[in-house]
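> Following this message is one structure expressed as structure tokens.
Protein chains: 2
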Amino acid sequence: MRWEDLDREHCSLARTLSVVGDRWTLMVLRECFLGMRRFEEFEARLGIARHVLADRLKKLAEAGVLAKHAYQERPRREEYRLTEKGLDLYPAILALVQWGDRYMAGPEGAPIVRVHKTCGKVMDGVVVCSECGEPVQARDIRVEAGPGAGDETLPRPQRAG
Amino acid sequence: MRWEDLDREHCSLARTLSVVGDRWTLMVLRECFLGMRRFEEFEARLGIARHVLADRLKKLAEAGVLAKHAYQERPRREEYRLTEKGLDLYPAILALVQWGDRYMAGPEGAPIVRVHKTCGKVMDGVVVCSECGEPVQARDIRVEAGPGAGDETLPRPQRAG
DNA sequence: GAAACTGGGTTCCAAAAGAGAACCTGTCAA
DNA sequence: TTGACAGGTTCTCTTTTGGAACCCAGTTTC
Numbered sequence: 192m193r194w195e196d197l198d199r200e201h202c203s204l205a206r207t208l209s210v211v212g213d214r215w216t217l218m219v220l221r222e223c224f225l226g227m228r229r230f231e232e233f234e235a236r237l238g239i240a241r242h243v244l245a246d247r248l249k250k251l252a253e254a255g256v257l258a259k260h261a262y263q264e265r266p267r268r269e270e271y272r273l274t275e276k277g278l279d280l281y282p283a284i285l286a287l288v289q290w291g292d293r294y295m296a297g298p299e300g301a302p303i304v305r306v307h308k309t310c311g312k313v314m315d316g317v318v319v320c321s322e323c324g325e326p327v328q329a330r331d332i333r334v335e336a337g338p339g340a341g342d343e344t345l346p347r348p349q350r351a352g
Numbered sequence: 192m193r194w195e196d197l198d199r200e201h202c203s204l205a206r207t208l209s210v211v212g213d214r215w216t217l218m219v220l221r222e223c224f225l226g227m228r229r230f231e232e233f234e235a236r237l238g239i240a241r242h243v244l245a246d247r248l249k250k251l252a253e254a255g256v257l258a259k260h261a262y263q264e265r266p267r268r269e270e271y272r273l274t275e276k277g278l279d280l281y282p283a284i285l286a287l288v289q290w291g292d293r294y295m296a297g298p299e300g301a302p303i304v305r306v307h308k309t310c311g312k313v314m315d316g317v318v319v320c321s322e323c324g325e326p327v328q329a330r331d332i333r334v335e336a337g338p339g340a341g342d343e344t345l346p347r348p349q350r351a352g
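Protein chains in written order, with this note's numbering: chain S, 192 to 352; chain E, 192 to 352.
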């Protein structure tokens with residue numbers, strides 16, 4: 192299977208990964224969430240090869256995750272900003288970062304902490320059920336075929352959730 | 192920068208991606224969360240090249256995300272199961288899947304829905320603040336240097352959150 | 001008791017993606 | 001007119017994939 196075929200897959204994860212399922216893409220998005228917007232900033236902070244960066248930014252813009260905004264004419268200069276669609280990737284980035292904080296950080300702890308502007312406290316994101324509001328873990332979930340399900344979407348007997 | 196260097200980066204996302212930041216790895220994990228455990232199952236459902244699958248399973252096992260369990264002796268057969276560390280990746284996978292459901296699904300809707308065993312309803316995961324319990328979005332967050340911060344961790348002025 | 005099958009791999013080659021460095025294009029300032 | 005700056009593109013070389021074939025131990029089938 193090739194990566195261009197992924198967005199035709201019958202699976203939301205595959206479709207998502209066809210847009211952001213690339214290490215550099217996720218690193219670029221991290222920088223966006225830290226406020227970076229310009230080619231130079233991404234390059235300097237990530238140490239990414241320039242043509243790879245150009246390619247990722249272009250793809251993210253085509254996917255509607257980032258949008259180009261001119262911040263200067265003559266010479267025209269553009270920066271990349273997260274769209275609403277891009278901002279909605281925050282839970283995914285946050286979950287990955289928190290997993291890293293927990294399992295991959297050194298003895299000194301997390302390099303960055305997040306402050307919730309609303310309540311002013313250093314916080315973690317907690318995933319709760321949209322219906323009952325209780326915290327959710329992998330074992331609390333059972334999957335079922337949804338409206339867009341195909342034949343091969345689900346396994347036959349389910350051994351785990 | 193090479194990928195082997197990523198886990199020495201001063202960033203939890205980079206460290207996380209050094210383990211799971213690969214398209215196939217995330218697809219394998221999705222299958223794990225759907226209950227798949229065996230080499231053959233992964234191969235059949237993903238259409239991944241066998242040596243790439245072998246490599247990913249080995250790396251996930253080395254990272255402690257999956258553990259090998261013998262389910263039969265003579266001939267010895269082993270399957271791969273999520274560890275606690277692996278199960279803790281669920282919020283990340285869930286967030287990516289939900290983003291795909293929202294932005295990448297066809298007109299017929301999501302292929303899979305999730306039922307919360309505790310309350311019995313079809314649910315979505317919602318990220319809330321660990322301190323005040325309010326739902327959290329990207330704009331509600333400000334980052335600060337944490338205990339493990341280095342010089343280059345944060346940008347100078349912060350333009351966005 | 002030879003042939004085929006099963007599960008879980010490894011090996012080989014060609015194609016694609018990545019790293020690193022050099023080069024290009026407007027515009028302005030010295 | 002030389003250089004700097006921002007944002008790319010082009011080049012070559014190495015690494016990683018995709019795809020298919022092969023291996024191996026034990027087991028069933030003919």
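Glycine is no exception: its CB is placed at the ideal position from the N, C-alpha and C atoms.
CB L257(S) to CB L273(S), shorter than 8 Å?
If you number the first sequence from 1, residue 257(S) lands on position 66. If you number the first sequence from 1, residue 273(S) lands on position 82. Their beta carbons are under 8 Å apart, which means L257(S) touches L273(S) by this criterion.
> With 8 Å as the threshold, decide whether the Cβ of K276(S) is near any Cβ in chain E.
Taking the first sequence and counting its residues from 1, one reaches residue 276(S) at position 85. K276(S) counts as touching chain E.
> Does the beta carbon of E335(E) sit closer than 8 Å to a beta carbon anywhere in chain S?
Numbered from 1 along the second sequence, position 144 holds the residue referred to as residue 335(E). It does; some Cβ of chain S falls within 8 Å.
> Check the DSSP bridge columns for L225(E) and list the partner residues they point to.
Locating residue 225(E) in the second sequence gives position 34, where the first residue counts as 1. Per DSSP, none; premise fails for L225(E).
> Going by alpha carbons, who is nearest to M218(S) out of F224(E), L208(E), G226(E)?
Here residue 218(S) refers to the residue found at position 27 when the first sequence is read from its first residue. Closest by alpha carbon: L208(E).
> Mind checking P348(S): buried by the 16 CB within 10 Å criterion, or exposed?
Mapped onto the first sequence, residue 348(S) falls at position 157. Note on P348(S): pLDDT 44, under 50, position unreliable in the model; the coordinate value appears next. Exposed is the call here.
> Do A301(E) and G337(S) have their C-beta atoms within less than 8 Å of each other?
Position 110 of the second sequence, counting from 1, holds the residue named residue 301(E). Position 146 of the first sequence, counting from 1, holds the residue named residue 337(S). Yes.
> Got a sec, what are the start and stop residues for the beta strand (DSSP E) V319(E) sits in?
Walking along the second sequence from the start, residue 319(E) turns up at place 128. Where V319(E) is concerned, the enclosing beta strand (DSSP E) stretches over 316-320.
> Taking the alpha-carbon positions, what's the R305(E) to G324(E) distance?
Mapped onto the second sequence, residue 305(E) falls at position 114. Mapped onto the second sequence, residue 324(E) falls at position 133. If I take the Cα positions, the gap works out to 22 Å.
> Comparing C-alpha positions only, which one of A261(E), K250(E), V243(E) sits nearest to V211(E)?
Counting from 1 along the second sequence, the entry for residue 211(E) is found at position 20. V211(E) has its Cα closest to that of K250(E), out of A261(E), K250(E), V243(E).
> According to DSSP, simplified to helix, strand and coil, what is I239(E)?
Position 48 of the second sequence, counting from 1, holds the residue named residue 239(E). Residue state, collapsed to three classes: coil.
> If the cut is a Cβ gap below 7 Å, which residues of chain E does A205(S) touch?
Your numbering for residue 205(S) matches position 14 in the first sequence. Near A205(S) (Cβ distances below 7 Å), the residues of chain E are M218.
> So, with DSSP's three-state summary, where would you put P282(S)?
On the first sequence, position 91 is the one that residue 282(S) refers to. The answer is helix: DSSP assigns P282(S) an H, G or I state.
> State whether the segment 313-323 of chain E contacts the segment 315-331 of chain S, with contact taken as three or more CB pairs (one from each stretch) at a distance under 8 Å.
In short, these stretches touch, since the Cβ pair count reaches three.
> Which residues in chain E sit within 7 Å of H201(S), going by Cβ to Cβ distance?
Residue numbering aside, residue 201(S) sits at position 10 when the first sequence is read from its first letter. The contacting residues are P302.
> Given E269(S), which residues of its chain have a CB within under 8 Å of its CB, disregarding the five upstream and five downstream residues?
Stepping through the first sequence from its first residue, residue 269(S) is reached at position 78. Cβ within range, chain order: K259, H260, A261, Y262.
> Please identify the residue among A254(S), V288(S), R265(S), W215(S) whose C-alpha is closest to the C-alpha of R206(S).
By one-based count along the first sequence, residue 206(S) stands at place 15. The option with the nearest alpha carbon to R206(S) is A254(S).
> Ordered along the chain, which non-local residues of its own chain (more than five positions away) have a Cβ less than 8 Å from that of E234(S)?
Your numbering for residue 234(S) matches position 43 in the first sequence. Within the same chain, E234(S) has close Cβ partners R241, L244.
> Please report whether the beta-carbon of Q328(S) lies at a distance below 8 Å from any beta-carbon of chain E.
Reading the first sequence from its first residue, position 137 is the one you call residue 328(S). It does; some Cβ of chain E falls within 8 Å.
> Counting only Cβ pairs nearer than 8 Å, list the residues of chain S close to P266(E).
Reading the second sequence from its first residue, position 75 is the one you call residue 266(E). In chain order: nothing, as chain S lies at least about 22 Å away.
> Report buried or exposed for R350(E), applying the criterion of at least 16 other Cβ atoms within 10 angstroms of its Cβ.
Against the second sequence, residue 350(E) aligns to sequence position 159. Any answer about R350(E) is weak, because its pLDDT of 39 lies below 50 and its placement is not dependable; what the coordinates show is given next. Classification for R350(E): exposed.
> Mind checking G339(S): buried by the 16 CB within 10 Å criterion, or exposed?
Counted from its first residue, the first sequence places residue 339(S) at position 148. With 16 or more Cβ atoms within 10 Å of its Cβ, G339(S) is classed as buried.
> Scan the segment 241-308 of chain E and note each continuous alpha helix (DSSP H) run of 4 residues or more that stays entirely inside, going in chain order.
The segment 241-308 of chain E contains these whole alpha helix (DSSP H) runs: 241-253, 275-278, 281-294.
> DSSP state of A205(S), grouped into three classes?
To locate residue 205(S), count along the first sequence from 1; it is residue 14. Of the three classes helix, strand and coil, the one that applies to A205(S) here is helix, per DSSP.
> Output yes or no for whether 8 Å exceeds the beta carbon distance between T309(S) and D279(E).
Taking the first residue of the first sequence as 1, we reach residue 309(S) at position 118. Taking the first residue of the second sequence as 1, we reach residue 279(E) at position 88. For T309(S) and D279(E), no; Cβs fall outside 8 Å.
> Keeping to the same chain, check which residues put their C-beta closer than 6 Å to that of G247(S); ignore five residues upstream and five downstream.
Working through the first sequence from its first residue, we reach residue 247(S) at position 56. Going by the sequence as given, residue 247(S) is Arg instead of Gly. Excluding positions up to five away in sequence, the list reads W215, T216, V219.
> Closest to V313(S) by C-alpha separation, out of Q289(E), V327(E), G341(E), K276(E), would be which residue?
Translated into the one-based positions of the first sequence, residue 313(S) becomes position 122. Ranking Q289(E), V327(E), G341(E), K276(E) by Cα distance to V313(S) puts V327(E) first.
> For S203(S) versus G238(E), is the C-beta spacing smaller than 8 Å?
Here residue 203(S) corresponds to residue number 12 of the first sequence, with the count starting at 1. Here residue 238(E) corresponds to residue number 47 of the second sequence, with the count starting at 1. No. Outside cutoff.
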